[in-house]
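Engineer: What follows is a structure written as structure tokens; I'll ask about it next.
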Amino acid sequence: MKAACDWSGLSRTALYRAAGTGRLLLRKAGRTTIVDGASLAALVADLPPAALSRSRGKVD
Numbered sequence: 907m908k909a910a911c912d913w914s915g916l917s918r919t920a921l922y923r924a925a926g927t928g929r930l931l932l933r934k935a936g937r938t939t940i941v942d943g944a945s946l947a948a949l950v951a952d953l954p955p956a957a958l959s960r961s962r963g964k965v966d
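Going from the sequence shown to this note's numbering is simple: count from 1 and add 906.
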């Protein structure tokens with residue numbers, strides 16, 4: 907789970923919410939939660955693009 911959070915930039919809560927709605931597939935191996943890589947990549951790909959603005963105070 908930590909690696910999935912690090913890779914995606916999403917919080918554990920966000921990942922568990924996505925799993926709860928069926929957008930992310932989780933597997934259990936004993937006490938370890940394993941995130942399905944393909945479903946994680948699809949979840950990130952479905953996020954809206956970031957709206958970037960110019961930095962404040964930046965001189966061209």
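Quick reminder that beta carbons are idealized off the backbone N, C-alpha and C, glycines included.
Report the rounded CA-to-CA distance for residue 959 versus residue 937, giving the unit in angstroms.
Structural biologist: Working through the sequence shown from its first residue, we reach residue 959 at position 53. Working through the sequence shown from its first residue, we reach residue 937 at position 31. Each residue's alpha carbon lies about 43 Å from the other.
Engineer: Starting from the Cα of residue 910, find the closest Cα among 955, 939, 962 and 953 and give me that residue.
Structural biologist: The sequence position of residue 910 within the sequence shown is 4, counting from 1. For the residues 955, 939, 962 and 953, the minimum Cα distance to residue 910 belongs to 939.
Engineer: Closest to residue 945 by CA distance: which of 924, 918, 908 and 912 is it?
Structural biologist: Position 39 of the sequence shown, counted from the start, is the residue given in the question as residue 945. The shortest C-alpha separation from residue 945 is found at 924.
Engineer: Just grab the DSSP bridge partners of residue 934 for me.
Structural biologist: As a working note, residue 934 is residue 28 in the sequence shown. For residue 934, which the question treats as bridged, DSSP gives the partners 939.
Engineer: Closest by CA to residue 912, which one among 927, 935, 933 and 943?
Structural biologist: In the sequence shown, counting from the first residue as 1, residue 912 sits at position 6. When each option's Cα is compared against that of residue 912, the closest is 943.
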